[in-house]
Amino acid sequence: MIQLWQALANGVMTGALLAIPAIGFSTIFAVLRYPSFAIAGWVTLGAFAGWIANTRLGFPVLALIPVAFLAAGLVGGLLENATLKALRPAGALTVAIGSIGLNIVVENVIRFFYGNDLRGFDLPLKPDLRFGGVRVGPQQIENLLMALTIMVAVFLFLRYSRFGRGMRAVADNPDLARLKGIDPGTISQAALVLGCGLAGVGGVLLGLDTSIDPLTGYRVLLSVFAAAVLGGLGSIPGAVAGALALGLAEELALLVAPPTYRTGIGFVAILLMLTFRPRGLLGERAV
Amino acid sequence: MVSYLIFTLTIGGIYALLALSLNLVWGSAGMVNLGLAGFFGIGAYASALATGAGVPVLFGWAIAALAGVAVGLVVTFATLRLRDDYLAIVTLGIAEMVRLVALNERWLTKGADGISGIAAPFKTQLGVAGFNVFYLLLVSVVVAAVWFLLRRLDVSPYGRALKAIREDQELARFAGKPVLRFKFEAFALSAALAALAGALYAHYQSYISPDHVQPLITIYIFLALTAGGLGRPAGAVLGGYAVVLFLESTRFVAEFLPGLQPVQLAALREVLIGAALLLALHLRPQGILPETAPKAPQP
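Protein sequence lines, in the order shown, are assigned to chains Z and V.
With our numbering, the residue at position 210 of the first sequence is 210, and numbering never jumps.
With our numbering, the residue at position 13 of the second sequence is 300, and numbering never jumps.
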C-alpha cells in the first residue's frame, strides 16, 4: 500500500516536471503546426544555462528559472525561426526533419564544450520528508511548486495577454486571425520564444531532480511527445493532463516492470492512445 | 588502404540500401520513418539470432526482412490512419524501444555486450581478404538489384499511385486508390529493406550490439536522401555512398585539429551532420539528382 502511495506521489512529481516542456512543445505545435524535435536541444540548453548560473555564478535555485527561460527562449526562439522558417512552405514533415538537424547541432555544440560527463546542481542537502511512510525530497516539493507556478503563469499569459490571445487565435484559425489584423509572423516568433523557453525551464527542473548531460533533452523527448499525444497534439491543457497521466503511468508501471523500460511506457501509452482515441484526452481531430 | 576502401564501400552500400528504404516511404509515399535505426537493428538481431540457432544465412536474411515487416505493421497499424506527424513520433519510439529491448533482454540479445561470432558466409573458405571482396560484391549486387526494382516500381502505375498519395491523399482516395493499403504496403516493404540492410551489416561485422542501433543512423540516412535527391532511387544510392564517404573523411580531419579531445571531435562531426541536413533541406530541396516526373502514358 505504501508502495502504491509512493508511486502516486512520484508520478505526480514526474508528471509536473514533464508538463513544462510538454506545454512548450504543444505551444509550438498549436501555432506553427509542426512537431519540433529541437525541443530536446532547448531542454538541454536551458539545463546547462541554469547549471552555469548555479554552479559558476552562484545563483539561487529560484533565479535559475528565468535564466533558463531567457537563454532557451531567446537562443531557441531565434535559431528555430531563422533555420526553419524557410522550410515551412514545404510542409510540416520537412520542418520536423529540419528540427532534428537543428537538435543535433545544439546537442553537440553543448557536448563540444562540456563533454559527456554528468553534472549536478549545487543544492543544500536536506533529509527526505516523510508523510506516513511516503518519502519525498524537499527539492522535489520545491520543483513541484515551481512547476505549478509556471503552469499558472502560462495559463494567465495565454488567457489574458495580447500575445497569448493572438497565439490562441492563430492556433484556432490562422486565416481568421490574419483577417482580424493579427500578424502571424510576430505571433509565430512569440510562440517559439515561449515554447523554447518553457523547454529550457523544464531542463532546469529535470536537472534539479537528477543531473544533466548533453542527452538530458533527448532522453525526455519521447516522454514529451507521449504527454502531448496523450493529451491531444496542440492542446495546452491536454499537455498538462497528458504529462500527469504519463508520469503516473510510468511510476505505477515501475511497480511491475524493470526501471530500465521507463521510456518504453511512454511509447506503449502513445500506441494505445492512438489506437483507441487518436485525438487524445483533450485534443482536436487527428486525421 | 585497399581494404579500408573496400570496407568504406561495403558500409556505403548498406547505407545506400537504408536510403532506398527511406526513399520508398518518404520520397515516394510521403510518409516519414524516424525508426530506420530500429528496423536496421531488428534485422540485424533477427538474422544473428536465427543463424545462431542453426538456420542458413540466406534464410536468416529472409527472417530478418519478415521480422521488419511484422514489427512495422504492428506498430503502424493505428498510426497510418492518422495525420503524418503521428507517424514521425511513433517511429521515433520504435527505434528507442528496439535499443531498450536489445540492452535489457540479456537472455536473448546478451545486452550491452552484443552478439558476437555471427556467421560470416564463406569466410573460412575465402580467407579474410577474400571474404571482404566477396561481401563488397554481394552488397553491391543487392543494392543494384533493389535500386533496379524500386526504379521499376517508381515508374509503374503502383509507384505513380504512391506519389499521388504523397501529393494529395484525399485526391488519391477520390480517384479510387485504396490509400491505406498502399501506405501499409509501402511501409512494410520499406521496413523489410531496412531490416535486410541490418542483416547484411550484422553478418559483415560478425558482431551486433545496441551501440550499432543508435538513432544517429537515422539522421545519416535522412541526410543521405535529402542531399542525394528525395523521390529518386538513384539519388538515394548516391546519397548513401556520399554520406559514408563524408563520415569516413572526417576521421582524417582529426589530424589537422590537434588538441581536441575525441569527444569534441565526435561532437564536431555531428554538428557538421546536423548543419548539412539543414543546409540540404534549404539549398536543394530536390537534391543532387532531382526527381523526374515521367510523362503520363497515352490512353
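The beta-carbon is built from N, C-alpha and C at its ideal position, and this holds for glycine as well.
TODO: Check the DSSP bridge columns for Z:Ile134 and list the partner residues they point to.
DONE: Within the first sequence, the letter at position 134 stands for residue 134 of chain Z. It should be pointed out that residue 134 of chain Z corresponds to Val in this sequence rather than to Ile. Z:Phe131.
Open item on the list: Distance check for Z:Pro184 and Z:Ala82, CA to CA, integer angstroms please.
Closed with: Here residue 82 of chain Z corresponds to residue number 82 of the first sequence, with the count starting at 1. Here residue 184 of chain Z corresponds to residue number 184 of the first sequence, with the count starting at 1. Going by the C-alpha atoms only, they are around 15 Å apart.
TODO: Answer yes if the segment 293–305 of chain V comes into contact with the segment 520–537 of chain V, meaning at least three C-beta pairs across the two stretches below 8 Å, and no otherwise.
DONE: yes
Open item on the list: Does the CB of V:Met384 have a neighbour CB from chain B at under 9 Å?
Closed with: Here the protein chains are Z and V, and chain B is not one of them.
TODO: Just the chain Z side, please: which residues come within less than 8 Å of V:Asp371 by C-beta, in chain order?
DONE: Taking the second sequence and counting its residues from 1, one reaches residue 371 of chain V at position 84. Chain Z residues near V:Asp371: Ala92, Leu93.
Task: Interface partners of Z:Leu230 on chain V, CB under 8 Å - done: As a first step, residue 230 of chain Z is located in the first sequence; it is residue number 230 there, counting from the start. None at all; the shortest Cβ gap to chain V is about 11 Å.
Task: Closer than 9 Å to chain Z by CB, V:Ala529 - done: Looking up residue 529 of chain V in the second sequence gives position 242. Output row for V:Ala529: interface = no.
Task: Identity of the residues DSSP links to V:Tyr494 by a beta bridge - done: Taking the first residue of the second sequence as position 1, residue 494 of chain V is located at position 207. Partner(s): V:Ser403.
Task: Euclidean distance between Cα positions of Z:Gly46 and V:Lys397 - done: Start at 1 with the first residue of the first sequence, and residue 46 of chain Z comes out as number 46. Start at 1 with the first residue of the second sequence, and residue 397 of chain V comes out as number 110. Taking the straight line from one Cα to the other gives about 37 Å.
Open item on the list: Can you pull out the residues from the segment 49–62 of chain Z whose beta carbon lies closer than 9 Å to at least one beta carbon of chain V?
Closed with: none
Task: Nonlocal neighbours in the same chain, by C-beta distance under 6 Å from Z:Phe163, ignoring five residues either side - done: Looking up residue 163 of chain Z in the first sequence gives position 163. For Z:Phe163, where only same-chain residues beyond five positions count, the Cβ hits under 6 Å are Ala190.
TODO: Mind checking who Z:Arg119 pairs with in its DSSP beta bridge?
DONE: Looking up residue 119 of chain Z in the first sequence gives position 119. Paired residue(s): Z:Ile212.
Open item on the list: Using a 10 Å radius around the Cβ and a threshold of 16 neighbouring Cβ atoms, would you call V:Met318 buried or exposed?
Closed with: Position 31 of the second sequence holds residue 318 of chain V. The residue is buried, with at least 16 neighbouring Cβ atoms inside 10 Å.
Open item on the list: Quick check: V:Val236 and V:Val500, are their CB atoms within less than 9 Å of each other?
Closed with: This structure cannot settle anything about residue 236 of chain V, because the visible part of chain V is limited to 288 through 586.
Open item on the list: Below 8 Å on C-beta distance, what does Z:Ile65 contact in chain V?
Closed with: Working through the first sequence from its first residue, we reach residue 65 of chain Z at position 65. Per Cβ cutoff of 8 Å: no residues; Z:Ile65 is ~28 Å from chain V at best.
- [ ] Pick out whichever of V:Ser427, V:Leu480, V:Ala473, V:Glu457 has its Cα sitting closest to the Cα of V:Ile329.
- [x] As a working note, residue 329 of chain V is residue 42 in the second sequence. Nearest option by C-alpha distance: V:Leu480.
Task: Per-residue DSSP class, three states only, for Z:Ile182 - done: For the purposes of this step, residue 182 of chain Z is taken as residue 182 along the first sequence, with counting starting at 1. In this structure, Z:Ile182 counts as coil in the three-state DSSP scheme.
Open item on the list: Assuming V:Met384 is part of the alpha helix (DSSP H), what are its boundary residues?
Closed with: Along the second sequence, read from residue 1 onward, the residue named residue 384 of chain V stands at position 97. It spans 371–391 - the alpha helix (DSSP H) in which V:Met384 sits, taken as one unbroken run.
TODO: My understanding is that V:Leu517 touches V:Trp348, with C-beta atoms under 8 Å, so please give their C-beta distance in whole angstroms.
DONE: Within the second sequence, numbered from 1, the residue matching residue 517 of chain V stands at position 230. Within the second sequence, numbered from 1, the residue matching residue 348 of chain V stands at position 61. The Cβ separation is near 27 Å, so there is no contact.
Open item on the list: Once DSSP output is grouped into helix, strand and coil, what is the label at V:Leu437?
Closed with: The residue given as residue 437 of chain V occupies position 150 in the second sequence. DSSP places V:Leu437 in helix when its eight states are reduced to three.
Task: Neighbouring residues, chain V, relative to Z:Ile265 (Cβ below 7 Å) - done: As a working note, residue 265 of chain Z is residue 265 in the first sequence. Simply none; closest approach about 11 Å.
- [ ] Go ahead and label Z:Leu206 buried or exposed: buried means 16 or more other beta carbons lie within 10 angstroms of its beta carbon, across all protein chains shown.
- [x] One-based indexing of the first sequence puts residue 206 of chain Z at position 206. The residue is buried, with at least 16 neighbouring Cβ atoms inside 10 Å.
- [ ] Compare the C-alpha of V:Ser308 against each of V:Leu440, V:Ala448, V:Glu557, V:Pro497 and name the closest.
- [x] Sequence index remark: in the second sequence, residue 308 of chain V carries index 21 (1-based). Checking every option, the nearest Cα to that of V:Ser308 belongs to V:Leu440.
TODO: Identify which residue in Z:Gly195, Z:Ala40, Z:Arg135, Z:Ile141 has its Cα closest to the Cα of Z:Leu4.
DONE: Translated into the one-based positions of the first sequence, residue 4 of chain Z becomes position 4. Taking only the C-alpha atoms, the option nearest Z:Leu4 is Z:Arg135.
Open item on the list: For a quick check, are the C-beta atoms of V:Ser496 and V:Gly417 less than 9 Å apart?
Closed with: On the second sequence, residue 496 of chain V is found 209 positions in, with the first residue counted as 1. On the second sequence, residue 417 of chain V is found 130 positions in, with the first residue counted as 1. Taking 9 Å as the Cβ cut-off, V:Ser496 and V:Gly417 do not qualify as a contacting pair.
Task: Pairwise C-alpha distance: V:Leu379 and Z:Gly200 - done: Working through the first sequence from its first residue, we reach residue 200 of chain Z at position 200. Working through the second sequence from its first residue, we reach residue 379 of chain V at position 92. Roughly 22 Å separates the two Cα atoms.
Task: Residue-chain proximity (V:Thr362, chain Z), Cβ-Cβ < 9 Å - done: Looking up residue 362 of chain V in the second sequence gives position 75. First, the residue type needs correcting, since residue 362 of chain V is Val and not Thr in the sequence shown. Chain Z contact via Cβ: present.
Open item on the list: Just checking: is the beta-carbon of Z:Ile23 within a distance shorter than 9 Å of some beta-carbon in chain V?
Closed with: Along the first sequence, read from residue 1 onward, the residue named residue 23 of chain Z stands at position 23. Not an interface residue.
Task: Reference V:Glu457, options V:Phe421, V:Gly561, V:Arg368, V:Leu387, closest by Cα - done: As a working mapping, residue 457 of chain V is identified with position 170 in the second sequence. Cα-wise, what sits closest to V:Glu457 is V:Arg368.
Open item on the list: On the CB-based measure, 16 or more other CB atoms within 10 Å of its CB, does Z:Ile324 come out buried or exposed?
Closed with: Lying before the first or after the last residue shown, residue 324 of chain Z is absent from chain Z, which here runs from 1 to 287.
- [ ] Using 10 angstroms around the beta-carbon of V:Trp394, count the other beta-carbons present and answer buried if the total reaches 16, otherwise exposed.
- [x] Within the second sequence, the letter at position 107 stands for residue 394 of chain V. By the 10 Å Cβ count, V:Trp394 comes out exposed.
Task: Closer than 8 Å at the beta carbon, the chain Z residues around V:Asn598 - done: Outside the displayed range of chain V (288 to 586) lies residue 598 of chain V, so it cannot be described from this structure.
Task: Classification of Z:Arg279 by the beta-carbon crowding that lies within 10 angstroms, buried from 16 upward - done: As a first step, residue 279 of chain Z is located in the first sequence; it is residue number 279 there, counting from the start. Counting Cβ neighbours within 10 Å, Z:Arg279 comes out buried, since at least 16 surround it.
- [ ] Please compile the residues from chain Z whose C-beta is within a distance smaller than 9 Å of the C-beta of V:Ile560.
- [x] Along the second sequence, one-based indexing puts residue 560 of chain V at 273. Here the neighbours are Gly101, Ile104, Val105, Asn108.
Task: Limits of the unbroken alpha helix (DSSP H) element including V:Trp313 - done: The count along the second sequence starts at 1 and reaches residue 313 of chain V at position 26. Note, V:Trp313: premise wrong, no alpha helix (DSSP H); not H, not E.
- [ ] Could you list which residues in chain V have their beta carbon closer than 8 Å to that of Z:Pro35, in chain order?
- [x] Position 35 of the first sequence holds residue 35 of chain Z. The answer, in chain order, is Asp372, Ala375, Ile376.
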